[in-house]
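Numbered per the working numbering, the sequence shown spans residues 12 to 278. Every residue, glycine too, gets a C-beta built ideally from N, C-alpha and C.
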Amino acid sequence: MPAKNLIADRSTFRHRLAYALRHPARVPRHLARATRDAWLRYRHPDHISYYRAVMRSDTRADPDAAVGSRTRERWLALGAMQFDYLLGHGLRPEHRMLEIGCGNLRGGWRFIRHLEPGHYYGIDISPDILFAAQDTIVEMGLEKRLPMLTPVRDLTLRFLPDAHFNVVHAHSVFSHSPLPVIEECLASVGRVLAPGGWFDFTYDRTEGEEHHVLREDFYYRTETLVALAEKHGLTAQFMTDWEELPHGQSKLRVTNRREYSSDTSRS
Ligand SMILES: C[S@@+](CC[C@H](N)C(=O)[O-])C[C@H]1O[C@@H](n2cnc3c(N)ncnc32)[C@H](O)[C@@H]1O
């Protein structure tokens, strides 16, 4: 895993040209993706509909690749990384967990196996990837754990109860989200967090200009996301131990601000 490049602006022509010269074999695939994405953006001007269409196209080709893993081996390893991290931070079977952007349960199937039946709730904007998630439940023999899988149009979480979830988790979701989508989530998540609960999310971190590539991959400065959390009564903590793992993104942990001072034992 190469070190994170925290300065590059991948949206610039200069960066893209240099990348193409370094990796000429990847150019046709990138051009095909850019053309498809331009067509999907034209047909679906709002971000959620656009990204849902991207997921539909990607899931049809290969559900594991649609969530970012080119091989089953990597899919299993990336899921294990998410699971082991949360287990190390105190995820217990009796906890209730909400996974935002659960995909085809790369990490989710391990959470479902660990948690008591009915304690896992996965949401995603893509019905197609949720169909693939059902395949994962069958493949892993988890039918009796009764996980909930629900398609959503937005991240208002309005159909979920107050103070219910001990752990909310979003892996590689905000790396595909414009800021208003992240803000909608941060404005809502405090309500559904149980006392002492926490929300972990990964993001593509930049220390240079914030930017996006093809409106698929978004790069944010940590202070932007921390300030957004604070605006909505939350405290965000940069997870330094996540940086030690072989993963290209960074992680923030969000808690309800009024609880934070009396409950720092988890961190
Ligand atoms: C890269 S995949 C990661 C899936 C899963 N978290 C994992 O680690 O395997 C991103 C997932 O987030 C979903 N997603 C993207 N934007 C979303 C949003 N605003 N609300 C809910 N799900 C979203 C996508 O449909 C996709 O399934």
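Excluding sequence positions up to five away, which residues of its chain have a Cβ less than 8 Å from the Cβ of residue i?
| i | result |
| --- | --- |
| residue 125 | 94, 98, 102, 104 |
| residue 164 | 59, 136 |
| residue 223 | 22, 189, 229, 230 |
| residue 162 | 134, 135, 136, 137, 138, 141 |
| residue 83 | 75 |
Give me the Cα-Cα distance between residue i and residue j, rounded to the nearest whole angstrom.
| i | j | result |
| --- | --- | --- |
| residue 134 | residue 58 | 17 Å |
| residue 16 | residue 107 | 35 Å |
| residue 177 | residue 209 | 6 Å |
| residue 119 | residue 151 | 11 Å |
| residue 272 | residue 194 | Residue placement at residue 272 is flagged as unreliable, the pLDDT there being 45, under the threshold of 50; the coordinate-derived value follows with that caveat. Their backbone Cα atoms lie some 23 Å apart in a straight line. |
| residue 18 | residue 54 | 33 Å |
| residue 50 | residue 235 | 30 Å |
| residue 276 | residue 38 | Its pLDDT being 43, under 50, residue 276 is placed unreliably by the model, and the measurement read from it follows with that caveat. Near 48 Å, if we compare the C-alpha coordinates of residue 38 and residue 276. |
| residue 225 | residue 45 | 7 Å |
| residue 121 | residue 153 | 10 Å |
| residue 199 | residue 169 | 8 Å |
| residue 48 | residue 34 | 21 Å |
| residue 185 | residue 79 | 14 Å |
| residue 269 | residue 192 | 24 Å |
| residue 149 | residue 87 | 16 Å |
| residue 100 | residue 26 | 38 Å |
| residue 52 | residue 85 | 29 Å |
| residue 40 | residue 56 | 23 Å |
| residue 36 | residue 183 | 26 Å |
Rounded to the nearest angstrom, how far is the Cβ of residue i from that of residue j, given a contact under 8 Å?
| i | j | result |
| --- | --- | --- |
| residue 254 | residue 261 | 7 Å |
| residue 77 | residue 70 | 4 Å |
| residue 117 | residue 160 | With a Cβ gap of about 14 Å, residue 117 and residue 160 do not count as contacting. |
| residue 115 | residue 143 | 4 Å |
| residue 187 | residue 62 | 6 Å |
Run the CB neighbour count on residue i, radius 10 Å, all protein chains shown included, and call it buried at 16 or more, exposed below.
| i | result |
| --- | --- |
| residue 28 | exposed |
| residue 158 | buried |
| residue 167 | exposed |
| residue 32 | exposed |
| residue 112 | buried |
| residue 173 | exposed |
| residue 278 | Residue confidence for residue 278 is low, a pLDDT of 37 falling below 50, so the modelled location carries little weight; the figure read from the coordinates is stated next. By the neighbour-count rule (16 or more Cβ atoms within 10 Å), residue 278 is not buried but exposed. |
| residue 215 | buried |
| residue 213 | buried |
| residue 24 | exposed |
Sorted by chain position, which residues of the same chain lie with C-beta nearer than 6 Å to residue i's C-beta, five sequence neighbours on each side aside?
| i | result |
| --- | --- |
| residue 156 | 123, 128 |
| residue 265 | 210, 240, 245, 247 |
| residue 196 | 166 |
| residue 274 | Confidence in residue 274 is poor, its pLDDT being 47 and thus under 50, which makes the residue's placement unreliable; the coordinate value appears in the next sentence. Within the same chain, residue 274 has close Cβ partners 207. |
| residue 242 | none |
| residue 237 | 247 |
| residue 250 | 262, 264 |
What does a CB cutoff of less than 7 Å around residue i pick up in its chain, not counting 5 residues either side in sequence?
| i | result |
| --- | --- |
| residue 267 | 201, 204, 244, 245 |
| residue 6 | The structure shown does not extend to residue 6, since the chain spans only 12 to 278, so no value can be given for it. |
Is the Cβ-Cβ distance between residue i and residue j less than 9 Å?
| i | j | result |
| --- | --- | --- |
| residue 81 | residue 75 | yes |
| residue 110 | residue 181 | yes |
| residue 211 | residue 179 | yes |
| residue 233 | residue 263 | yes |
| residue 227 | residue 20 | no |
| residue 171 | residue 131 | no |
| residue 30 | residue 252 | no |
Return no unless some Cβ of chain B is closer than 9 Å to the Cβ of residue i.
| i | result |
| --- | --- |
| residue 38 | This model lacks chain B altogether, as it is built from one protein chain only. |
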